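Heads up: the structure comes next, in structure tokens.
There are 2 protein chains.
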Amino acid sequence: MRWRELGEEECSVARTVSVIGDRWTLLVLRECFLRTRRFEAFQERLGITRPVLADRLQKLVEAGVLERIPYQERPVRHEYRLTQRGLDLHPVMMAIVHWGDVHMAKDGHRPVLHRHRACGHQFDPVMVCSECAAPLQARDVTVEPGGRRGDAR
Amino acid sequence: MRWRELGEEECSVARTVSVIGDRWTLLVLRECFLRTRRFEAFQERLGITRPVLADRLQKLVEAGVLERIPYQERPVRHEYRLTQRGLDLHPVMMAIVHWGDVHMAKDGHRPVLHRHRACGHQFDPVMVCSECAAPLQARDVTVEPGGRRGDAR
DNA sequence: TCCGTTGAGTTTCTTTTCTGAACTGACTTT
DNA sequence: AAAGTCAGTTCAGAAAAGAAACTCAACGGA
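Protein chains in written order, with the working numbering: chain Y, 349 to 501; chain A, 349 to 501.
Spelled out as structure tokens, the structure:
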């Protein structure tokens with residue numbers, strides 16, 4: 349299987365991975381969620397090489413995750429911003445951060461904490477069932493052949 | 349920055365990415381959650397090349413995400429199973445699948461559907477705040493310098 | 001006993017991708 | 001006029017991935 353074919357796979361993981369399943373891409377997205385928007389800023393904050401950064405930003409734009417918007421004329425300069433599609437990756441990032449906090453933190457020290465503006469508290473992200481609101485456990489989830497969401501089954 | 353250094357970064361995203369931030373690794377994990385356990389099965393289902401599969405499985409074992417357990421003697425054969433640490437990646441996988449379902453599905457057709465054993469319903473995964481149980485929006489989350497979870501701030 | 005098969009990898013060689021460092025181009029500032 | 005800023009591009013060498021064949025230990029049958 350080549351990477352070009354991945355997006356064609358009949359699997360949502362494969363399709364998503366074809367967009368974000370790359371080390372640098374995930375770190376670029378982290379920066380996006382931290383409000384980084386400009387080429388130089390990404391480069392400096394990540395230490396990524398310029399050619400790879402240019403490539404990843406372009407791919408994210410093609411995938412509709414980022415948009416390239418001019419922020420000045422003379423010379424025209426662009427910045428990269430998350431689209432709604434990109435913002436929808438927030439749960440993925442939160443899940444990744446949380447796993448890192450729990451399993452990779454050095455002696456319980458978390459690099460960053462999250463605060464929920466809506467309630468004002470420091471919080472952890474929790475994945476719950478849309479139907480019963482209970483936290484999901486891997487063992488409680490079964491997989492069935494696909495269809496349209498909402499189809500009676 | 350080299351990949352070896354990534355795990356040392358003071359960032360939970362970087363540390364997590366150093367473990368799972370690889371295209372094949374994420375697909376291997378998808379298979380693990382679908383109960384695939386043996387080398388040949390991974391290879392066949394994913395179409396991954398053998399050297400890369402051997403490498404990824406070994407790295408996941410080193411990272412404590414999978415364990416290599418003998419399932420027969422003479423000849424000794426091993427299978428790979430998710431550890432608790434690996435099971436804890438479930439929210440990451442669910443978030444990835446869900447994004448793919450919403451944004452990469454071809455005309456609304458989802459490759460698989462999920463059912464929650466606890467409540468019996470088909471569901472979508474939702475990321476909520478551990479404190480107020482409201483669904484999280486990217487814009488409602490602010491980031492603060494780290495500390496130990498629970499520290500008063 | 002020899003023969004073919006299975007499972008889990010290795011080896012080898014080629015192709016692709018990444019890194020590092022320098023270079024370009026359009027402007028602005030001093 | 002020289003130097004600086006931002007957003008890239010170019011290019012050579014290094015690292016990683018892909019394809020295909022090979023290894024090894026043991027089993028199952030004829």
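Think of the CB as a built atom: it goes at the ideal place given N, C-alpha and C, for glycine as much as any other residue.
Just so you know, these numbers come straight off a predicted model, no measurement behind them.
Are the Cβ atoms of methionine 441 of chain A and phenylalanine 390 of chain A separated by less than 7 angstroms?
Mapped onto the second sequence, residue 441 of chain A falls at position 93. Mapped onto the second sequence, residue 390 of chain A falls at position 42. No, Cβ-Cβ distance for methionine 441 of chain A and phenylalanine 390 of chain A is not below 7 angstroms.
Please list, in chain order, the residues of the stretch 379–404 of chain Y that have any C-beta partner in chain A closer than 9 angstroms.
Phe381, Leu382, Leu394, Gly395, Ile396
Just reading off the alpha helix (DSSP H) that threonine 364 of chain Y is part of, what are its end residues?
Position 16 of the first sequence, counted from the first residue, corresponds to residue 364 of chain Y. Residues 360–368.
Mind checking which residues open and close the beta strand (DSSP E) that includes arginine 429 of chain A?
Position 81 of the second sequence, counted from the start, is the residue given in the question as residue 429 of chain A. Note, arginine 429 of chain A: beta strand (DSSP E), 425–430.
How about histidine 464 of chain A and cysteine 477 of chain Y: are their beta carbons less than 7 angstroms apart?
Mapped onto the second sequence, residue 464 of chain A falls at position 116. Mapped onto the first sequence, residue 477 of chain Y falls at position 129. Yes, these two residues count as a Cβ contact at 7 angstroms.
Going by Cα to Cα distance, which pick from Y/Asp488, Y/Arg378, Y/Val361, Y/Arg371 is closest to valine 491 of chain A?
For the purposes of this step, residue 491 of chain A is taken as the residue at position 143 of the second sequence. Minimum Cα distance to valine 491 of chain A is reached at Y/Arg378.
Name, please, each residue of chain A whose Cβ falls closer than 7 angstroms to the Cβ of threonine 431 of chain Y.
Here residue 431 of chain Y corresponds to residue number 83 of the first sequence, with the count starting at 1. Result: empty, since nearest Cβ-Cβ is about 10 angstroms, beyond 7 angstroms.
Where does arginine 487 of chain Y land, buried or exposed, given buried means 16+ other C-beta within 10 angstroms?
For the purposes of this step, residue 487 of chain Y is taken as residue 139 along the first sequence, with counting starting at 1. Classification of arginine 487 of chain Y: exposed, given that the 10 Å Cβ count is below 16.
For glycine 434 of chain Y, would you say it is in contact with chain A, using Cβ-to-Cβ distances shorter than 7 angstroms as the test?
The count along the first sequence starts at 1 and reaches residue 434 of chain Y at position 86. Not an interface residue.
Under the three-state reduction of DSSP, which class applies to leucine 377 of chain A: helix, strand or coil?
Counting from one through the second sequence, the residue named residue 377 of chain A turns up at place 29. Helix at leucine 377 of chain A.
Just to confirm, is the Cβ distance from glycine 494 of chain Y to arginine 458 of chain A under 7 angstroms?
Numbered from its first residue, the first sequence carries residue 494 of chain Y at position 146. Numbered from its first residue, the second sequence carries residue 458 of chain A at position 110. Going by C-beta atoms, glycine 494 of chain Y is nearer than 7 angstroms to arginine 458 of chain A.
Using a Cβ-Cβ cut-off of 8 angstroms (strictly less than) and excluding sequence neighbours within five positions of leucine 408 of chain Y, which residues of its own chain qualify?
Translated into the one-based positions of the first sequence, residue 408 of chain Y becomes position 60. Counting only Cβ-Cβ distances below 8 angstroms, and skipping sequence neighbours, we find Val367, Thr373, Val376, Leu377, Leu414, Tyr428, Gly434.
Determine the direct distance from the alpha carbon of methionine 475 of chain A to that of arginine 536 of chain Y, and round the result to whole angstroms.
Here chain Y covers residues 349 to 501 and nothing more, so residue 536 of chain Y does not appear.
Whole runs of the beta strand (DSSP E) within the stretch 392–462 of chain Y, excluding any shorter than 3 residues:
414–420, 425–430
Taking the alpha-carbon positions, what's the valine 361 of chain Y to histidine 438 of chain Y distance?
Position 13 of the first sequence holds residue 361 of chain Y. Position 90 of the first sequence holds residue 438 of chain Y. Those two C-alpha atoms are separated by around 16 angstroms.
Within 10 angstroms of the Cβ of alanine 481 of chain A, are there 16 or more other Cβ atoms? Answer buried if so, exposed if not.
Your numbering for residue 481 of chain A matches position 133 in the second sequence. The residue is exposed, with fewer than 16 neighbouring Cβ atoms inside 10 Å.
Could you tell me whether the Cβ of valine 440 of chain A comes closer than 7 angstroms to any Cβ of chain Y?
The residue you call residue 440 of chain A lines up with position 92 of the second sequence. With 7 angstroms as the cut-off, valine 440 of chain A counts as an interface residue toward chain Y.
Report yes or no: is there a C-beta of chain Y within less than 7 angstroms of the C-beta of proline 418 of chain A?
Taking the first residue of the second sequence as 1, we reach residue 418 of chain A at position 70. Not closer than 7 angstroms to any Cβ of chain Y, the Cβ of proline 418 of chain A fails to qualify, so no.
Can you give me the Cβ contacts of arginine 383 of chain Y inside the same chain, cut-off strictly under 6 angstroms, excluding the 5 residues immediately before and after it?
In the first sequence, counting from the first residue as 1, residue 383 of chain Y sits at position 35. Hits under 6 angstroms: none found.
Would you verify that the beta carbon of aspartate 488 of chain A is, or is not, closer than 7 angstroms to some beta carbon of chain Y?
The residue labelled residue 488 of chain A in the question sits at position 140 within the second sequence. Chain Y contact via Cβ: present.
Test item: CB-CB of glycine 412 of chain A and threonine 364 of chain Y under 7 angstroms
Numbered from its first residue, the second sequence carries residue 412 of chain A at position 64. Numbered from its first residue, the first sequence carries residue 364 of chain Y at position 16. Not closer than 7 angstroms, so no.
Identify which residue in Y/Cys359, Y/Pro418, Y/Glu357, Y/Asp403 has its Cα closest to the Cα of arginine 385 of chain Y.
Walking along the first sequence from the start, residue 385 of chain Y turns up at place 37. The shortest C-alpha separation from arginine 385 of chain Y is found at Y/Pro418.
Between the stretch 449–471 of chain A and chain Y, which residues of the former have a C-beta closer than 8 angstroms to a C-beta of the latter?
Asp449, Val450, His451, Met452, Ala453, Gly456, His457, Arg458, Pro459, Val460, Leu461, His462, Arg463, His464, Arg465, Ala466, Cys467, His469, Gln470, Phe471
Between the stretch 356–376 of chain A and chain Y, which residues of the former have a C-beta closer than 9 angstroms to a C-beta of the latter?
Glu357, Glu358, Cys359, Ser360, Val361, Ala362, Arg363, Thr364, Val365, Ser366, Val367, Ile368, Gly369, Asp370, Arg371, Trp372, Thr373, Leu374, Leu375
Compare the Cα-Cα distances from glutamate 410 of chain A to each of A/Thr431, A/Gly468, A/Glu479 and report the closest residue.
Indexing the second sequence from 1 puts residue 410 of chain A at position 62. Per the Cα distances, A/Thr431.
Nearest to phenylalanine 471 of chain Y by CA position, among Y/Thr397, Y/Val400, Y/Asp455, Y/Ala443, is which residue?
Along the first sequence, one-based indexing puts residue 471 of chain Y at 123. It is Y/Ala443 whose Cα lies nearest to the Cα of phenylalanine 471 of chain Y.
Output the boundary residues of the beta strand (DSSP E) element that contains cysteine 477 of chain A.
By 1-based counting over the second sequence, the position of residue 477 of chain A is 129. Start and end: 473–477.
Is the shortest distance between the beta-carbon of valine 445 of chain Y and the beta-carbons of chain A less than 7 angstroms?
If you number the first sequence from 1, residue 445 of chain Y lands on position 97. Chain A contact via Cβ: present.
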